Structures are given as C-alpha cells and as structure tokens.
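Take the sequence shown: its position 125, counted from the start at 1, is 124 in numbering that gives the first Met the number 0, and no numbers get skipped. In this text, a Cβ means the ideal position worked out from N, Cα and C, and glycines have one as well. Fair warning: this is a prediction, and the values are worked out from it, not measured in the lab.
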Amino acid sequence: MSTTASAARPEAGRRGTGRSRRRAGIGDRLSLVRALPMLPAAILLLAFMAGPILYSLYLAFTDKAIRGEGAADTSFVGLDNFARALGDGDFWNAVVLTIVFTTISAVIGQNVLGMTLALLMERAHRAVAFVMTSIVIAAWILPEVVAGYLLYTFFADGGSLDAILGVVGLPKQTLLFSAPIIAVSFANIWRGAAFSMLVYSAALGAIPGDVQESAAMDGAGPVRRFWSITLPLLRPAIATNLMLITLQTLSVFGLIFIMTGGGPARKSQTLPLYMYEQAFSYGQLGYGTAVALILLLIGAVASLVYLRLLPEEDKR
0 MSTTASAARP EAGRRGTGRS RRRAGIGDRL SLVRALPMLP AAILLLAFMA GPILYSLYLA
60 FTDKAIRGEG AADTSFVGLD NFARALGDGD FWNAVVLTIV FTTISAVIGQ NVLGMTLALL
120 MERAHRAVAF VMTSIVIAAW ILPEVVAGYL LYTFFADGGS LDAILGVVGL PKQTLLFSAP
180 IIAVSFANIW RGAAFSMLVY SAALGAIPGD VQESAAMDGA GPVRRFWSIT LPLLRPAIAT
240 NLMLITLQTL SVFGLIFIMT GGGPARKSQT LPLYMYEQAF SYGQLGYGTA VALILLLIGA
300 VASLVYLRLL PEEDKR
C-alpha cells in the first residue's frame, strides 16, 4: 500500500508541474497579446525620439552643411566641431550669457519669486489667492512667441515701462540696448514664476499643520518657523524645482529671439541662439549640432549637481 502511494506521489507531482508550465505558457502568450496594442506607440517613440537623437550624434561628428561643400559631400570630422567650439570666442560669450541668464531668471528669479508667491497665497484669502494664481498662471501658459512680443513692447523705446517711468518722473530706460540680457531675464521670470509657485504650493500643502502650530506655541515667530521648519521641509521640492527650471531655462529660445534676436552685438546671444545661428543662418548643421550636444551636457551636469546637493534621506 505504501509502495503504491509512493509511486502515485511523483506521478501527481509531474502532472502538477505540467499544469503549472501550461498555465505559465498561456500567461506568457496572454501578456504578449496584451502588449500588441502598445507596439505602434513603441515604434513611434523609437522613430521620433531615438531616431533624432542618434542622427544628432551622427551629425555632430560630421561637416554636414545646408549649402557649400558639406552639403554635397558630407564627411566624418571626428572631434573637430567640438574643438572649434572650444576655441571660438563667440561660443564662450554664449556660454557665459547662458549661465548669467539661467542664474538670474531661474535659480534666483523664478525660484525666489515662486516661493514668495506660494507663501503669500497660503496665507491670503481664498478669493485673493484664486485671482492672483490665475493671473500668474495666465502668463505661464502664454505661448513663448506671444510672451516675447508682449515683453518687447513693455521694454521697447516708448513702451509701457517708459510710460510708467514718465508718470513717476524718471527718465526713459534702454534695457533692450544697454543690458538686453537683464531685459530677457526679467521676461523669463515673469513668464516662468508660476511653475515654481505651483511646485512650492504643493510642497507647502504637504507640511503637517500641527508642526507649525507646535512651533508657534513654543514661541517661534513667522521668520523663525520659516527658517527652522518650512525651509528644511521644502528641500526636496527646492532641489526638484531648481533642476526643472534650470533645464527649461537653458533651452529658452523663442523669448530671446523675439525680444532681441541675440543682439545687439551678441549681448543676449545664449547657447540656443548661437546654435541656431550656426546651424541655420550659416548653414553649418554639423557644428550647430555639436553645440547642441554641449548644451545637453551642461544640462546633465547641472542636474547631477542638484542631485548631489540633495541630502541622502531626501533622495529615498
């Protein structure tokens, strides 16, 4: 009897294993069938994202041009485009202006103004907060070209800013000519502060109210509570916001192109405008693409810096 039972157990085990394998096979086939509808989207992503990236990498190492010798006979030039950029004074001028533009308009301007607005909206009456938030977001959702024209008319000679200065008895300004990088920086602050405000509003809403109440009961004033409680709890949001607005500001093109075109005398020509000039005005696609890759590298380095500055406990 025991011999029969012992023989039956392995047989039953084999049958169970066979059924498990069949179920696993059916499950794999069902997973493949469910994944089939995603295939067209995956192909489109490869075609429209991976394709241009790979083609850009190829162009950066060639002398591809829209016209001239490079248009008829494209050849591989190795690192010549990158060496040319590093030896070009106009390139370094664009790098410095890009850093200045990003620092003034994003790291300082949008970040600080966005946090200030979020703190004010947290304490404001609901109706006031709704109106102010709507106004700020309206500037953010404007197309970049429209915002560029609006800010150009504001800073232009005889524009809205001159009219305001005239009312208070101050002389006219010439920012678009004397300090165009400052003018476009203020324009980018005006347009992009809403994003930072929304990020910080969400982060402030996640701070437990009892923490602030306990600190207030212990005698901590508003400034003390901000520095000791609110600001430390906002560190992850600050790092995330800085990384996102830095990457966005590094690629700003339309706003500056509409307001100044990079001039006068290249005094507002950031890397995106320099890249555009080289690739399309001068027709040097290979060199322009190499500059674009350098800009991409700058953005990657900035992201890594922000991630390194973030404490380990906030990365989890």
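Where residue 208 is concerned, the enclosing alpha helix (DSSP H) starts and stops at 208 to 216. Secondary structure note for residue 37: it is in no alpha helix (DSSP H), with a DSSP letter that is neither H nor E.
A contact between stretches requires three or more CB pairs, one per stretch, nearer than 8 Å, and the segment 98 to 105 meets this requirement with the segment 238 to 254.
The beta carbon of residue 176 lies closer than 7 Å to those of 263 in the same chain, with the five residues before and after it left out.
In this structure, DSSP gives residue 102 a helical state, which the three-state scheme calls helix.
DSSP places residue 204 in the uninterrupted alpha helix (DSSP H) bounded by 179 to 204. For the 8 Å CB-CB criterion, residue 282 and residue 67 form a contact. Counting every other CB atom within 10 Å of its CB across the protein chains shown gives residue 190 a total of 16 or more, marking it as buried. In the DSSP annotation of this structure, the continuous segment of the alpha helix (DSSP H) that includes residue 298 starts and ends at 284 to 308. Taking C-beta separations shorter than 6 Å and ignoring five residues to either side along the sequence, the partners of residue 214 in its chain run 224 and 228, following chain order. Judged by DSSP secondary structure, residue 122 falls within the alpha helix (DSSP H) whose first and last residues are 110 to 122. One Cα belongs to residue 218, the other to residue 208, and the distance between them is close to 16 Å.
Assignment of residue 75 by DSSP, reduced to helix, strand and coil, places it in the strand class.
Shown here, residue 61 sits in a strand according to DSSP, grouped into three states.
In the same chain as residue 135, and ignoring 5 residues on each side of it, the C-beta atoms closer than 7 Å to its own belong to 116, 192, 193 and 196, in chain order.
Here residue 294 is near residue 249, since their CB atoms are less than 8 Å apart. Less than 8 Å divides the Cβ of residue 271 from the Cβ of residue 252.
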